[in-house]
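Which chain is which? The protein sequence lines are D and P, in order. Position 67 of the first sequence, counting from 1, maps to 1512 under the numbering used here, and the rest follow consecutively. Position 297 of the second sequence, counting from 1, maps to 427 under the numbering used here, and the rest follow consecutively. Glycine is no exception: its CB is placed at the ideal position from the N, C-alpha and C atoms.
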Amino acid sequence: MDKVQDNRAWFLIIPVFLIVAFSAVVPLMTVVNYSVQEIFGPGQTFFVGTEWFEAVLKDDRLHDALVRQIIYSLAVLLIEIPLGILIALGMPGGRSAKTSLTLVLLALPLLIPFNVVGTIWQIFGRGDIGLLGATFRAIGIDYNYTNNSAHAWITVLVMDVWHWTSLVALLCYAGLQSIPPAFYQAAKIDGASKWAVFRYIQLPKMRGVLIIAVLLRFMDSFMIYTEPFVLTGGGPGNSTTFLSQYLTQMAVGQFDIGKAAAFSIVYFLIVLLFSFIFYTIITRTGEGEKK
Amino acid sequence: MATIQFDNLGHSYHPHPSKPEDYALRRLSQEWEDGKAYALLGPSGCGKSTLLNIISGLLVPSEGRVLFDGLDVTRCTPEERNIAQVFQFPVIYDTMTVYENLAFPLRNRKVPEADVDRRVRQVAEALDLTADLKKRAQRLTPDAKQKISMGRGLVRSDVAAILFDEPLTVIDPHTKWILRRKLRQIHEEYRLTMIYVTHDQVEALTFADKVAVMYEGAMVQLGTPQELFENPEHTFVGYFIGSPGINLMPCTLGNDHALVDGIAIPLPDRAVPTVGGKFELGIRPEFLELTRSGSAGAIPVQVTGVDDLGTSKLATVRLGSQTLKARLSEEQEIPALDAAIRFPTRWTKLYRDSHLVG
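Put into structure tokens, the structure is as follows:
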């Protein structure tokens, strides 16, 4: 075998390098570049080192937003993952009209654009003309998301659950469908209870899709922007101002490019860190050696 | 352990079966003895898995009844019937250790932990799993996984029957042989009623006391391996069992002989029906005698080929328009020019519409 020594293989890799460079590396480096400079205008930039990062880490409003964000994302996961699994377990299997109908119905919310979802709930929850708001008002509950932080919060959360639980359910459903019938038959013969079937067959077989579901829902909810923006613009007060909201205010509202860039990088690292933690936990619990 | 009875059992996946072809399992009445090893043998789609699932209780038959020790269990769940079943592909509980896997059926039935431990160790010993007991089941090879599946079937000492649905499909040939011996030993030791589904005749014949051959939804013969070989009651049994299968020749009937392409072949003295249906004459290659023409009762043939199989020779001969195979010993001379064959009447079978009549 003659091994040809030349560099033609680079031609195959260069397109990928270019795409990755322009889609990820270059924008990211731009942000890094901004994050270490004070920018007054075109050509008026000064290197400031880590000052922006220090400012970001000391920013109280940012701390509040981060805490709010973490609570929000955890709430989303705690509601959507179990609910999605439950829905998937209850869905009809096999190829029937019932199955197709269920799948289409479940997929519907996923097809609606974010800001439309926000608008739907914004109107739905209005006390004067919205079905939900008016119903609450009629039965004597003073529901008002524009001046009650808890109401605004719950509305954003319910909106997210309504919008995205389907995704979790569909993923879990796919996981469940891949379990061969012999497993259920064997469990029946082994005298396993319904809970044991779930615990020892269905849940372990869903692990792969659950990793994806948890990561997707975490990352998405951690970057939520549109829904609270459409509903109350982050209010009342700062009650639904999550990280993205605050970042946008900083970058676009106050035109604090340097600080916003530093914030972006910290934000990115936080998402990366949490995703890594979730991924590790789920894979470990699945494969860890039992004593 | 239990005696298993089928009473007019039949199953169709169609809601309103009308033709015999609509049945995945055709009418069947039979009794299977307690403590014996049975094999269900047949090609894919012959209804053997349907029958197995009916016995195990995973499928409720559309017609007839299943009785265990005289008790109607047709509508009972596998658990109520106290059945164990091993499936074609290994079914293991991924997150459990091998030990927990084996203990699972017992723990679900609230067996005292001391007994669980004793049984699990016993079964693990029998299946060579002792070294793996503490390992996660998920990490083992397919062989070991299938052993766990089998172990979960064997671990319960009080089962009515253990059902095996082609359990050795995923196992490599060498281990297959060892495991089959193991099962056989376990059977002989505990006298469990075992039912073993397979499409491999060697597996069925070496494992079972009695083999049920299935074909197109019907059980065409239930018998010992010897009976299936010497006296196939259906042309399919003759064809499916034995390698090569039985020689079959379409024929017409004379008084005491059959005519194959105008050549008379003596028939056994048994009562021979002369009317109706399509007649075929069958003889196993092992029983067809090759001699020189001129000897008594010999019919001249043309030898078209000989395959030396090492332990025996397989001669291909032409009789009229028919091609027949004859198995000969290694030493036997094969006459080149004046070959003839003889049909020993004892081994010459007459079939009408595929069923043995004489």
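For this session: Evaluate Gln-1455 (chain D) with the Cβ neighbour count: other Cβ atoms within 10 Å of its Cβ, from every protein chain shown; 16 or more gives buried, anything less gives exposed.
Result: For the sequence presented, residue 1455 (chain D) should be read as Trp rather than Gln. Exposed, since its Cβ has fewer than 16 Cβ neighbours within 10 Å.
Exercise. When you compare only the Cα positions, how much space is there between Thr-1495 (chain D) and Val-1549 (chain D)?
Worked result: In a straight line, the C-alpha of Thr-1495 (chain D) is about 51 Å away from that of Val-1549 (chain D).
Exercise. By the criterion of Cβ-Cβ separation under 7 Å, what are the contact partners of Leu-233 (chain P) in chain D?
Worked result: Note that residue 233 (chain P) is Ala in the sequence shown, not Leu. Within 7 Å Cβ-Cβ: nothing; Ala-233 (chain P) doesn't reach chain D, min ~10 Å.
Exercise. What does a CB cutoff of less than 8 Å around Ile-185 (chain P) pick up in its chain, not counting 5 residues either side in sequence?
Worked result: Counting only Cβ-Cβ distances below 8 Å, and skipping sequence neighbours, we find Ile-134, Val-196, Ile-213, Ala-291, Leu-293 and Ile-325.
Exercise. Which same chain residues, not among the five before or five after Gly-283 (chain P), have their C-beta less than 6 Å away from its C-beta?
Worked result: Leaving aside the five residues that flank Gly-283 (chain P) on each side, the residues in its chain whose CB is nearer than 6 Å to its CB run, in chain order, Ala-214, Val-216 and Ile-292.
Exercise. Buried or exposed: which applies to Gly-1538 (chain D), given that a residue is buried once 16 or more other Cβ atoms fall within 10 Å of its Cβ?
Worked result: Counting every other CB atom within 10 Å of its CB across the protein chains shown gives Gly-1538 (chain D) a total below 16, marking it as exposed.
For this session: Spatial neighbours of Tyr-369 (chain P) within its chain, please: CB distance less than 8 Å, with the 5 preceding and 5 following residues excluded, ordered by chain position.
Result: These residues qualify, in order along the chain: Gly-375, Ile-376 and Leu-378.
For this session: Specify, as a first and last residue, the run of the alpha helix (DSSP H) that His-317 (chain P) falls within.
Result: 303–320 is the span of the alpha helix (DSSP H), which, as asked, contains His-317 (chain P).
Exercise. When the Cβ atoms of the stretch 1661–1672 of chain D are set against those of the stretch 1604–1611 of chain D, are three or more pairs found closer than 8 Å?
Worked result: Three or more pairs of CB atoms, one per stretch, sit closer than 8 Å, so the stretch 1661–1672 of chain D contacts the stretch 1604–1611 of chain D.
Exercise. Lys-1735 (chain D) CB to nearest chain P CB: under 8 Å?
Worked result: The pLDDT assigned to Lys-1735 (chain D) is 40, lower than 50, so where the model puts this residue is not dependable, and the model offers no usable value.
For this session: Enumerate in chain order the residues of its own chain whose CB-to-CB distance from Leu-389 (chain P) is below 8 Å, with the five nearest sequence positions on each side excluded.
Result: Result list for Leu-389 (chain P): Cys-381, Thr-382, Leu-383 and Ile-395, in chain order.
Exercise. With 8 Å set as the bound, which would you pick, yes or no: does the beta-carbon of Tyr-345 (chain P) sit closer than that to a beta-carbon of chain D?
Worked result: By this cut-off, Tyr-345 (chain P) is not an interface position.
Exercise. Bridge partners of Ala-491 (chain P), per DSSP?
Worked result: Because chain P in this structure spans residues 131 to 488, residue 491 (chain P) falls outside the shown range and cannot be described.
Exercise. What are the residues of the stretch 220–249 of chain P that lie near chain D, defined by any Cβ-Cβ distance shorter than 7 Å?
Worked result: Residues of the stretch 220–249 of chain P whose Cβ lies closer than 7 Å to any Cβ of chain D, in chain order: Val-221, Tyr-223, Asp-224, Thr-225, Met-226, Thr-227, Phe-234, Pro-235, Asn-238 and Arg-239.
Problem set entry | Own chain, CB closer than 7 Å to Val-253 (chain P), minus 5 neighbours either side, in chain order | Result list for Val-253 (chain P): Leu-232, Gly-281, Leu-284 and Val-285, in chain order.
Problem set entry | Which listed residue (D:Leu-1576, D:Thr-1591 and D:Trp-1598) has its alpha carbon closest to that of Ile-1584 (chain D) | Residue D:Leu-1576 is the option with its Cα nearest to Ile-1584 (chain D).
Problem set entry | Residues bridged to Ala-1597 (chain D) (per DSSP) | According to DSSP, Ala-1597 (chain D) bridges with nothing at all.
For this session: Mind checking which residues open and close the beta strand (DSSP E) that includes Ile-1524 (chain D)?
Result: Element bounds for Ile-1524 (chain D): not the beta strand (DSSP E) but the alpha helix (DSSP H), 1505–1535.
Problem set entry | C-beta neighbour in chain B for Phe-217 (chain P), strict 8 Å | Note that chain B does not occur in the displayed structure, where the protein chains are D and P.
Problem set entry | Neighbouring residues, chain P, relative to Lys-1633 (chain D) (Cβ below 8 Å) | Under the 8 Å cutoff, chain P gives Leu-188, Thr-207, Pro-208 and Glu-209.
Exercise. Any idea what DSSP makes of Asn-138 (chain P), helix, strand or coil?
Worked result: In this structure, Asn-138 (chain P) counts as strand in the three-state DSSP scheme.
Problem set entry | Residues bridged to Lys-340 (chain P) (per DSSP) | Note: Lys-340 (chain P) is bridge-paired with P:Tyr-168 in the DSSP secondary-structure output.
Problem set entry | Any non-hydrogen atom of the ligand NAD closer than 7 Å to Ala-244 (chain P) Cβ | The ligand content of the structure shown is nil, which means the ligand NAD is not present either.
Problem set entry | Straight-line Cα distance separating Arg-414 (chain P) from Phe-71 (chain P) | Coverage of chain P is limited to positions 131 through 488, which leaves residue 71 (chain P) absent and any answer about it impossible.
Exercise. Counting only beta-carbon atoms, is Ile-213 (chain P) nearer than 8 Å to chain D?
Worked result: Yes, its Cβ sits closer than 8 Å to a Cβ of chain D.
Exercise. Is the CB of Ile-1646 (chain D) under 8 Å away from at least one CB in chain P?
Worked result: The beta carbon of Ile-1646 (chain D) sits closer than 8 Å to some beta carbon of chain P.
Exercise. According to DSSP, is Gly-175 (chain P) helix, strand or coil?
Worked result: It is coil, neither helix nor strand.
Exercise. Is the beta carbon of Val-341 (chain P) sitting closer than 8 Å to the one on Pro-355 (chain P)?
Worked result: Annotated as proximal: Val-341 (chain P) and Pro-355 (chain P), with beta-carbon spacing under 8 Å.
Problem set entry | Proximal residues to Phe-417 (chain P) (C-beta, below 7 Å), its chain only, five neighbours per side dropped | In the same chain as Phe-417 (chain P), and ignoring 5 residues on each side of it, the C-beta atoms closer than 7 Å to its own belong to Pro-474 and Trp-477, in chain order.
Problem set entry | Interface flag, Arg-282 (chain P) vs chain D, CB-CB below 8 Å | For Arg-282 (chain P), the answer is yes, since a Cβ of chain D falls inside 8 Å of its Cβ.
For this session: For Val-1501 (chain D), I'd like the list of residues in its chain whose CB is within less than 8 Å of its CB, leaving aside the five on either flank, ordered along the chain.
Result: Taking Val-1501 (chain D) as the centre and dropping the five residues before and after it, the same chain places the C-beta of Leu-1507, Lys-1704, Ala-1707, Phe-1708 and Val-1711 closer than 8 Å to its C-beta, in chain order.
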